[in-house]
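**Student:** Structure in structure tokens, see below.
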Amino acid sequence: MRFILPALALAILVTGCVSDDKQRARDMRLDNNRCQTMGFQPGSQAMADCMATASNARQADKDRNFAYQQNIANQPPAPPPAFGATSNTDDNQPAAPMNCKTVESTSTNDDGTTVTRSRQRCSSF
1 MRFILPALAL
11 AILVTGCVSD
21 DKQRARDMRL
31 DNNRCQTMGF
41 QPGSQAMADC
51 MATASNARQA
61 DKDRNFAYQQ
71 NIANQPPAPP
81 PAFGATSNTD
91 DNQPAAPMNC
101 KTVESTSTND
111 DGTTVTRSRQ
121 RCSSF
């Protein structure tokens, strides 16, 4: 029993590691299957467009997830409410206007696809 747990932990750790090339190949297979399922013919321009769109969507999801995780990590934990505390906001009052600014950046990947990322920052003052 003493050796089973460390061996099991090591096995789980090793199986969770996937190289970038293997992950990229897996993503390409999934995109290829998905686009063929939607009716695009292999080798056609429509198929290439479908796969590029899927790749861009996956990258945008990764970017959003990374930004979300960074935002959560940088926020201090909220203090617990005091016993018997009530909300000090008045539901009849309009919310303060938000001033938002969108920043976009465009880059080209090694495979020639163009990726546009946008970020929105808002403040109430």
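Counting with UniProt numbering, you get residues 1 to 125 for the letters of the sequence shown.
Backbone N, C-alpha and C fix where the C-beta goes; we use that ideal spot for every residue, glycine too.
Keep in mind the model is a prediction, meaning the values are calculated, not measured.
1) Compute the distance between the beta-carbons of Asp31 and Ala54, then report whether it is under 8 Å.
2) With C-beta atoms as the reference, is Asn65 less than 8 Å away from Val115?
3) Assign Ser123 to one of three DSSP states: helix, strand, or coil.
4) By DSSP, does Asn109 sit in helix, in strand, or in coil?
5) Could you check what DSSP says for Asn71 in three-state terms: helix, strand or coil?
6) Which of the three DSSP states, helix, strand or coil, is assigned to Ser55?
7) Provide the residue span of the alpha helix (DSSP H) that contains Gln41, from first to last.
8) Using the C-alpha atoms, what's the distance from Ser118 back to Lys62?
9) With distance defined between alpha-carbon atoms, name the residue in Ala67, Pro81, Ala82 nearest to Gln75.
10) Hey, would you say Cys100 sits closer than 8 Å to Gln120, going by beta carbons?
11) For Cys100, which beta-bridge partners are listed by DSSP?
12) Pick from Ile72, Cys122, Met28, Thr37: whose alpha carbon is nearest that of Ala52?
13) Residues in its own chain within less than 7 Å of Arg34 by CB, not counting five upstream and five downstream?
**Tutor:** A quick look at the data gives this:
1) Looking up residue 31 in the sequence shown gives position 31. Looking up residue 54 in the sequence shown gives position 54. Yes, Cβ-Cβ distance for Asp31 and Ala54 is below 8 Å.
2) Here residue 65 refers to the residue found at position 65 when the sequence shown is read from its first residue. Here residue 115 refers to the residue found at position 115 when the sequence shown is read from its first residue. Cβ distance not < 8 Å, so Asn65 and Val115 don't count as in contact.
3) The residue given as residue 123 occupies position 123 in the sequence shown. Here Ser123 carries a strand assignment [DSSP, helix/strand/coil].
4) The residue you call residue 109 lines up with position 109 of the sequence shown. Asn109 falls in the coil class under three-state DSSP.
5) One-based indexing of the sequence shown puts residue 71 at position 71. Here Asn71 sits in helix by DSSP.
6) Locating residue 55 in the sequence shown gives position 55, where the first residue counts as 1. DSSP places Ser55 in helix when its eight states are reduced to three.
7) Sequence index remark: in the sequence shown, residue 41 carries index 41 (1-based). Per DSSP, Gln41 belongs to no alpha helix (DSSP H) and is neither H nor E.
8) Residue 62 sits at position 62 when you count from the first residue of the sequence shown. Residue 118 sits at position 118 when you count from the first residue of the sequence shown. Cα to Cα, the separation comes out at about 13 Å.
9) Start at 1 with the first residue of the sequence shown, and residue 75 comes out as number 75. Minimum Cα distance to Gln75 is reached at Ala67.
10) Taking the first residue of the sequence shown as 1, we reach residue 100 at position 100. Taking the first residue of the sequence shown as 1, we reach residue 120 at position 120. For Cys100 and Gln120, yes; Cβs fall inside 8 Å.
11) Walking along the sequence shown from the start, residue 100 turns up at place 100. Cys122.
12) Numbered from 1 along the sequence shown, position 52 holds the residue referred to as residue 52. Ranking the options by Cα distance to Ala52, first place goes to Met28.
13) Counting from 1 along the sequence shown, the entry for residue 34 is found at position 34. Contacts found: Ala54.
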